[in-house]
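Top line first, the protein sequences correspond to chains A and B.
With the first letter of the first sequence counted as 1, position 23 gets the number 23 in the working numbering; the numbers rise by one all the way through.
With the first letter of the second sequence counted as 1, position 74 gets the number 192 in the working numbering; the numbers rise by one all the way through.
Cβ coordinates follow ideal geometry from the N, Cα and C atoms, glycine included.
Since this is a predicted model, take the numbers as computed values, not measurements.
These notes concern the structure reproduced below.
Number of protein chains: 2
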Amino acid sequence: MSIHNNAHSSSLDRSSLERLAAVFRAFGDATRLALLQELKSGARSVNELQTALGTSQANISRQLKVLHEAGLLSRERRGAQVFYAISEPLVMDICEAACRKLNREAVLAPAPRMAFAS
Amino acid sequence: MSIHNNAHSSSLDRSSLERLAAVFRAFGDATRLALLQELKSGARSVNELQTALGTSQANISRQLKVLHEAGLLSRERRGAQVFYAISEPLVMDICEAACRKLNREAVLAPAPRMAFAS
DNA sequence: TACTTATATAAGTAGTTACGTATATGTCAA
DNA sequence: TTGACATATACGTAACTACTTATATAAGTA
Chain A
1 MSIHNNAHSS
11 SLDRSSLERL
21 AAVFRAFGDA
31 TRLALLQELK
41 SGARSVNELQ
51 TALGTSQANI
61 SRQLKVLHEA
71 GLLSRERRGA
81 QVFYAISEPL
91 VMDICEAACR
101 KLNREAVLAP
111 APRMAFAS
Chain B
119 MSIHNNAHSS
129 SLDRSSLERL
139 AAVFRAFGDA
149 TRLALLQELK
159 SGARSVNELQ
169 TALGTSQANI
179 SRQLKVLHEA
189 GLLSRERRGA
199 QVFYAISEPL
209 VMDICEAACR
219 KLNREAVLAP
229 APRMAFAS
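Encoded structure:
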């Protein structure tokens, strides 16, 4: 946008780095990644996600809130239920890129290959 | 590797999700992102990074350790100095993808555009 | 209205994290 | 060896995080 911080700039100021770090922190928990994985195939209600993950409803709801506030999930109420969905494909692209990073390490130190997208 | 967890699988088990989350947490701090940004243009010594970031030597050293243990940085001793470098281009690709995510949000809620790579 | 189901939030707790200050370790040179 | 410089670690602290249990809010139905 400005001369000092646009798409061609190579340096982000502290507050941009803080916002970027906040996005990464939203990804930085296994329970939240499990939620994203469940949502990969489409929108789910809180109840469906709770059944799939097997943890408490309160915890599911809170972690969904974290993901939603980070802009990773959309939220839609349908009657008494609330459906969450991945807000845009780019969210899964980020997961995929991180998976590739881990899989490359596994070349020398073999470990199970992992992928978010098929 | 196995039938239940390979490159075509769409479901990661808990321990894989934990490892993935750990990678994201390594990215999830503004100081560490600032270090990565400095290293984008090549290897730097701890001292150079300290001067560039302006925070304490102890903190720089500790955050570099976090990044190194997460597999994001390589480490090489040259005499009394230690040089850190980004371990592979994919590391910056992950940052770039997260930047794109933030920039898309900015379309509706304008904010400075940000990018790691030029 | 009351009752049920679905989701969100509050309060408490144990564990983690980022940082400052101080100290230890490592490398080189005299 | 001693001293100077470079880097790493130990310790303490304040803030944050993930979770559990309990409760509150919201929507639908009788």
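Rounded C-alpha distance that separates residue i from residue j
{"i": "Ser-56 (chain A)", "j": "Ala-152 (chain B)", "result": "37 Å"}
{"i": "Arg-143 (chain B)", "j": "Leu-20 (chain A)", "result": "12 Å"}
{"i": "Gly-146 (chain B)", "j": "His-68 (chain A)", "result": "17 Å"}
{"i": "Val-82 (chain A)", "j": "Glu-156 (chain B)", "result": "43 Å"}
{"i": "Ala-106 (chain A)", "j": "Glu-214 (chain B)", "result": "23 Å"}
{"i": "Gln-181 (chain B)", "j": "Ala-80 (chain A)", "result": "45 Å"}
{"i": "Asn-123 (chain B)", "j": "Asp-13 (chain A)", "result": "Any answer about Asn-123 (chain B) is weak, because its pLDDT of 49 lies below 50 and its placement is not dependable; what the coordinates show is given next. If I take the Cα positions, the gap works out to 40 Å."}
{"i": "Gly-42 (chain A)", "j": "Phe-234 (chain B)", "result": "31 Å"}
{"i": "Ser-129 (chain B)", "j": "Asp-93 (chain A)", "result": "15 Å"}
{"i": "Leu-36 (chain A)", "j": "Ala-176 (chain B)", "result": "36 Å"}
{"i": "Leu-73 (chain A)", "j": "Leu-191 (chain B)", "result": "31 Å"}
{"i": "Ser-133 (chain B)", "j": "Ser-15 (chain A)", "result": "33 Å"}
Rounded distance between the beta-carbons of residue j and residue i, thought under 8 Å
{"i": "Tyr-202 (chain B)", "j": "Arg-196 (chain B)", "result": "At roughly 11 Å, the Cβ-Cβ gap does not stay under 8 Å, so Tyr-202 (chain B) and Arg-196 (chain B) are not in contact."}
{"i": "Leu-208 (chain B)", "j": "Arg-113 (chain A)", "result": "Contact flag wrong, Cβ pair sits at about 15 Å."}
{"i": "Ala-111 (chain A)", "j": "Leu-135 (chain B)", "result": "Not really, about 13 Å apart at Cβ, beyond 8 Å."}
Contacts around residue i, its chain only, beta-carbon distance under 7 Å, and the 5 residues preceding and following it disregarded
{"i": "Ile-178 (chain B)", "result": "Val-164, Leu-167, Gln-168, Leu-171"}
{"i": "Asn-221 (chain B)", "result": "Arg-231, Met-232"}
Own chain partners of residue i with C-beta closer than 8 Å, once the 5 adjacent residues on each side are dropped
{"i": "Gly-71 (chain A)", "result": "Val-23, Ser-87"}
{"i": "Lys-158 (chain B)", "result": "Ile-204, Met-210, Phe-234, Ala-235"}
{"i": "Ala-216 (chain B)", "result": "Phe-145"}
Where the alpha helix (DSSP H) containing residue i begins and where it ends
{"i": "Phe-24 (chain A)", "result": "14–27"}
{"i": "Glu-76 (chain A)", "result": "No alpha helix (DSSP H) holds Glu-76 (chain A); the beta strand (DSSP E) holding it covers 73–78."}
{"i": "Ala-43 (chain A)", "result": "Premise fails: Ala-43 (chain A) is in no alpha helix (DSSP H) and is neither H nor E."}
{"i": "Ala-70 (chain A)", "result": "Neither: Ala-70 (chain A) is in no alpha helix (DSSP H) and is coded neither H nor E."}
For residue i, the first and last residue of its enclosing beta strand (DSSP E)
{"i": "Ala-233 (chain B)", "result": "Ala-233 (chain B) -> no beta strand (DSSP E), and no H or E assigned at all."}
{"i": "Ala-203 (chain B)", "result": "199–204"}
Pair within 8 Å by beta-carbon distance, residue i and residue j
{"i": "Val-66 (chain A)", "j": "Arg-32 (chain A)", "result": "yes"}
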